[in-house]
Amino acid sequence: MSSRNDIFAKNFNTIMKILNVLEAAVKEGVKALYHETFDKSITLSQTRKEFEGDYTVVVFPFTKIAKKKPEQIGEELGQYLVDRVDELSSFNVVKGFLNLKFHDSFWIDFLHSVLKDEQFGKFPSNGQKVMVEFASPNTNKPLHLGHIRNILLGWSTAKILEAAGYDVVKTQIVNDRGIAICKSMLAWQQFGKGTTPESTQVKGDHFVGHYYVKFEQAFQNEYRTWQQSEQGKKIFTEKKKDGDDEVIFFNSYKNNYFNEYSSIGKAAKAMLINWEENDTSTRNLWQQMNQWVYDGFETTYKKLGVHFDSALYESDTYLLGKNIIDDGIAARKFYKKEDGSIWIDLENHKLDKKLVLRSDGTSVYITQDLGTADMRYNEVGFDKMIYVVGNEQDYHFAALFATLKELGRSYADGLYHLSYGMVNLPEGRMKSREGTVVDADDLIADVINEAKKNTQAIGSIADMPKEEQENIFRQIGLAALKFFILKVNPVKNMVFNPKESVDLQGQTGPYVQYSYVRANGVYQKGIQEGVDFEEALNYMNLQSQEKDLIAQIFVFPSILEEAAKSYDPANIANYCYDLAKLLHKFWHDVQILNANEKGATAFRLLLCKAVAQILAQALDLLGIEVPKRM
RNA sequence: GGCUCCGUAGCUCAGCUGGAUAGAGCAACUGACUUCUAAUCAGUAGGUCGCAGGUUCGAAUCCUGCCGGAGUCACCA
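Take the position in the first sequence, starting the count at 1, then add 1131; the result is the number in this note's numbering.
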């Protein structure tokens, strides 16, 4: 197969570099025609579909140099380019826009070079290592919709960077310690009656989350009772601010109550202290409950089709960073207040003063992150490190990076916070207290179910074995969910409409998958029917639908490059949709197997093969699988 | 209140390193299946690109101010 394509293929690199060649030629042309160098970059964009041509040069910027009207410059420059660049067949000028057209053979050659290269679009290794941290859950609750956005973004970004030539390490840091997990532990001790996920048939993370909720309920009951007690009433009259009614006051006083009066709170804190002092039974219980949670998370990650290369646990890292504090003081970057707390002044980074160590000498969040960054750099030696964390921590990461820079860490410039916006529901924000949090496992089950319902209604795969059908339902449902989330630019808050997320029509994952299924299906059928692909050689006259597809394939590497540069999977998602749309249009407009000449059939089948190849590859960058049928 | 981010069609989103008449999808309406799978295609309708200035031959895109929304401003993580 590949050997026969050799006949077509020109040097691949020459083809991909045509835009650079054009740019250089434009500059050369301006200099030759108008005797002056144009030193800014050239605007070279795909010609809008309502005009004739493939690529467009905007000539307005040359008017100063040429001292001529844009139209005339366009004519002169167009002629210059067509005379000198072999690939160009013609040009036309509309106002200040010079539209250039390539020979069909250029596009045909390009297509064949893509067919030769299964890895088309991927960049060769650049020798750089990048670490992507994502997911990073707490172990007291199951995963929810917010985590899903995080996980999908992290996974896709990692895939994109890999395709862009980086050596990628996918990692997470698990918040496995602290007061939260102690709450779950305590509630399980008090109310759990020795039950386990196995004995109750409840997924481990949900099982543990259930006891976290139990704790909160018990705490609230205790708090309410206390509010009516003598002591509670006394505190209210003593401490309320003007205008506070009881509800407002006690809402804001909750943390104080937890820390100072609550007996259940006291018990949880005692448990935390026991944990820190390595008390055996506390540690055992902690280990047991965390293990339940990890088993549960693992199941969810598997369902989402993601995995990690490494993980860190906060129980191992929460004491890190203290050595950095000493370094920082020695380097006079940190300073000590009278109370013993340590600070850094980041005002020259347009930030504030930031505490890096408590007065009692214990760590805060940033202390640990400083230490973890150092440790990772020393162990892994990354060139870049991407933290996928929600935008509520923008300030934290700005401060973290600025601090590392102040400390002269060579790797500080390679750190990047991939910040993403909140996921809201049509009714507004998810609130655990109002029970509106969308559970990850439920959501996954829902989308798969919806895909199943729809697919069965269509009946297109009813003849397949049950197991294969189930797999396809899964592929389709997850495609809907993943595409729905990843098509949105990460910086934006997004509205997650559960109903729309399972849509299978329009701008969706399944739409793109369907495009793949069609392209791949007809190509396979062509093989079965023994189509002679050699005939494609005789096909010379490209239809516009064909050229549009080829031109869209042509831009794939630059889209990938842009997605990697901006850490934005939405670029890829939108690309997939555009390509899929062109395929559907092509499918509708032209005949493939029934074309009136053999050359057209062969050529179009090869085109379908290439499109399927690119779609599969691009979808894979989003973590979306392609079904064989649907 | 300070700082950061967001504001494009009824809804969800593209477009933002300045370039042609601002694009998709959903929802509504109309049309296309004896066909290589209609999870599709074609069409109608829907816009003061939050507002006001500025820079420019040219601004949704860059700058300034304002308005609206979100986040953050803990010796929490």
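Heads up, the beta-carbon is just placed ideally off N, CA and C, and yes, glycines get one too.
Computed from a predicted structure; not experimentally measured.
Inter-residue Cα distance where the pair is residue i and residue j
i	j	result
K1200	V1161	14 Å
T1270	S1441	17 Å
S1256	T1567	45 Å
D1457	L1538	11 Å
F1350	K1397	11 Å
H1243	V1742	12 Å
G1521	V1305	16 Å
Y1425	Y1654	43 Å
F1346	N1405	18 Å
L1416	S1563	26 Å
Q1303	Y1444	8 Å
A1311	M1402	11 Å
D1217	Q1203	23 Å
L1482	F1532	11 Å
V1767	Y1670	The first residue shown for the chain is 1132 and the last is 1761, placing residue 1767 beyond what the model contains.
In DSSP terms, what residue i is bridged to
i	result
K1260	D1298
Q1359	Partner(s): none; Q1359 has no beta bridge.
W1474	Y1466, L1486
D1570	H1275
I1517	V1263, Y1547
G1559	L1556
L1229	V1188, V1224
N1306	N1269
L1403	Note: L1403 sits in no beta bridge, so no partner.
L1208	None; L1208 has no bridge partner.
Test item: CB-CB of residue i and residue j under 8 Å
i	j	result
K1515	Q1358	no
A1610	Q1644	yes
Y1342	K1385	no
L1738	E1693	no
A1667	A1571	no
L1724	K1656	yes
D1577	V1633	yes
K1613	L1283	yes
F1251	G1296	no
S1446	R1308	yes
T1288	L1691	no
F1241	F1685	yes
V1157	V1188	yes
G1340	K1272	yes
P1268	W1423	no
V1299	V1511	no
T1448	Q1499	yes
Span of the alpha helix (DSSP H) around residue i
i	result
L1767	An answer regarding residue 1767 cannot be provided, because it is not within the stretch 1132 to 1761 covered by the chain.
F1615	1597 to 1617
N1651	1640 to 1659
F1389	1385 to 1391
A1155	1149 to 1165
Q1748	1729 to 1752
T1413	1411 to 1435
K1776	Only positions 1132 to 1761 of the chain appear in this structure, which leaves residue 1776 out of reach.
E1181	Element bounds for E1181: n/a, residue is neither H nor E.
S1330	1328 to 1331
Under the three-state DSSP convention, the category residue i falls into
i	result
F1380	helix
D1699	coil
F1115	Outside the shown range of the chain, which is 1132 to 1761, sits residue 1115, and nothing can be said about it.
A1442	strand
S1689	helix
Q1320	helix
L1451	coil
L1710	helix
Y1578	The sequence given here places Val at residue 1578; Tyr does not occur at that position. Three-state DSSP puts V1578 in a helix.
V1622	coil
L1635	coil
V1757	coil
L1292	helix
L1219	strand
F1169	coil
H1337	helix
Residue range of the unbroken beta strand (DSSP E) whose run includes residue i
i	result
Q1177	1175 to 1177
S1536	In the sequence as displayed, the identity of residue 1536 is Lys instead of Ser. Per DSSP, K1536 belongs to no beta strand (DSSP E); it is in the alpha helix (DSSP H), 1525 to 1537.
Y1670	Neither: Y1670 is in no beta strand (DSSP E) and is coded neither H nor E.
Y1186	1186 to 1189
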